[in-house]
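Structure first, commentary second.
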DNA sequence: CTTGTTTTGGAATGTTCGTTCCAATAAGTT
DNA sequence: AACTTATTGGAACGAACATTCCAAAACAAG
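Residue numbers (our numbering), protein chains in the order written: chain P, 335 to 507; chain W, 335 to 507.
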């Protein structure tokens, strides 16, 4: 709380008059992160006419972020919270789930569009592939905290996208 | 610390006579986790003659664990630590890196063996694929904390292994 | 049994930190 | 200016908790 007062310039009383306590404040942070950070970077994937390039572009943006920083990263607020929160803290848990569902839906729509009406992938396979993309992004964020070699992360993303494209082209499931 | 005393039955003084403090104790926990948890479950992948089935089997064991528990999981000590530790805590950071390197090497050897001397994949591609497997496992652990639907996790692992096999069979990179 | 050595249970200490409180100050209103 | 209403800076309080300490109990050796 002292850090917050110092960094934001808002007084302790000010914070406590707007939020009932740290917990509520944190929930508000997650909401704010969603619109201030996730929405801009994910908007292209969520665009009505987005194709597979929007996914490539999404990962490319993440990677530019990794490459821009020196040393180790601090990860993503959602991803970090995911492995820090007590699973019984339901409000937070639901916000994290909403985030993951949002990513899933975004990827899912793009993949379905790219697959087309008579593509090689069934609805269930599209679900799997969208989950695969979403969960892989989570792995990427985690590992970005441990390596300062952004090239590894970039190749990870390339491998991921290549395997998505292979599936869309109709390789064996 | 109170929890430790209660759960282990060791007295406070006992703990502090064996370890200088919480930090050293935690480092010892990571080491212990490595040999008590990671080694048994990863041994098959590290076996001299392990093939791709050992990787399948490795993920299958993880998934059996996910399926066996009800509700949300608590994740993996290494994976959780990865997103909880201050990156400037070097001792821990090095232990986490050693863990990831271990997984990478294990997967890498299996993939190289499976690829054979004249397989479709270059050394660099084998590196990529081993990193891909290792980082994907991390994503799996993370997401296992958020869903109680183990089927999603299982399909994730199946998708991962399918894409590894596709690559080994020589699909486009 | 006696003496010396470990180990224990838990009180005591010191620190960190979330939260509350309030006098002082600033801002707004008539 | 006079008065009311926020806002601030920071002291104060209380809870949580890591660490230390120690008298009592358990144990070991002779």
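Here a beta-carbon is modelled for each residue, glycine too, at the ideal position from N, C-alpha and C.
Among the options, which residue has its Cα nearest to the Cα of residue i?
i	options	result
residue 474 of chain P	P:378, P:414 and P:380	P:414
residue 483 of chain W	W:362, W:401 and W:498	W:401
residue 477 of chain W	P:390, P:383, P:468 and P:442	P:468
residue 427 of chain P	P:380, P:364 and P:405	P:364
residue 448 of chain W	W:335, W:376, W:372 and W:504	W:504
residue 489 of chain W	P:417, P:460 and P:488	P:460
residue 422 of chain P	W:368, W:481, W:500 and W:412	W:481
residue 446 of chain W	W:498, W:404 and W:359	W:498
residue 371 of chain P	P:353, P:454, P:392 and P:425	P:392
residue 455 of chain W	W:436, W:502 and W:487	W:502
residue 457 of chain W	W:472, W:439, W:470 and W:395	W:439
residue 453 of chain P	P:500, P:335, P:368 and P:352	P:500
residue 462 of chain P	W:486, W:444 and W:470	W:486
residue 442 of chain W	W:360, W:380 and W:395	W:380
residue 355 of chain P	P:367, P:338, P:397 and P:390	P:338
residue 472 of chain P	W:416, W:444 and W:451	W:416
residue 368 of chain W	W:343, W:470 and W:436	W:436
Where does residue i sit, in a helix, a strand or coil, going by DSSP?
i	result
residue 397 of chain P	helix
residue 441 of chain P	helix
residue 351 of chain P	helix
residue 507 of chain P	Because residue 507 of chain P sits at a pLDDT of 49, beneath the cut-off of 50, its placement in the model cannot be relied upon, and the point is left open.
residue 344 of chain W	coil
residue 335 of chain W	coil
residue 435 of chain W	helix
residue 452 of chain W	coil
residue 446 of chain P	helix
Ends of the alpha helix (DSSP H) at residue i?
i	result
residue 464 of chain W	457-478
residue 493 of chain P	484-502
Does the distance between the C-beta of residue i and the nearest non-hydrogen atom of the ligand MN fall short of 6 Å?
i	result
residue 423 of chain P	You won't find the ligand MN in this model; it holds no ligand whatsoever.
Inspect the CB distances between the stretch 424-437 of chain W and the stretch 416-435 of chain P and report whether three or more fall short of 8 Å.
Contact fails: fewer than three Cβ-Cβ distances are below 8 Å.
What are the complete alpha helix (DSSP H) segments, minimum 4 residues, inside the stretch 360-428 of chain P?
Within the stretch 360-428 of chain P, the complete alpha helix (DSSP H) runs of at least 4 residues are 373-380, 386-402 and 411-416.
Do three or more CB pairs link the stretch 453-467 of chain W to the stretch 481-498 of chain P at distances below 8 Å?
Verdict: yes, contact present.
Does the structure place the stretch 375-382 of chain W close enough to the stretch 374-391 of chain P that three or more beta carbon pairs sit under 8 Å?
Taking 8 Å as the limit for Cβ pairs, the verdict is that the stretch 375-382 of chain W does not touch the stretch 374-391 of chain P.
Within 8 Å, do at least three Cβ pairs link the stretch 403-413 of chain P to the stretch 344-352 of chain P?
Proximity of the stretch 344-352 of chain P to the stretch 403-413 of chain P falls short of the contact definition, fewer than three beta-carbon pairs being nearer than 8 Å.
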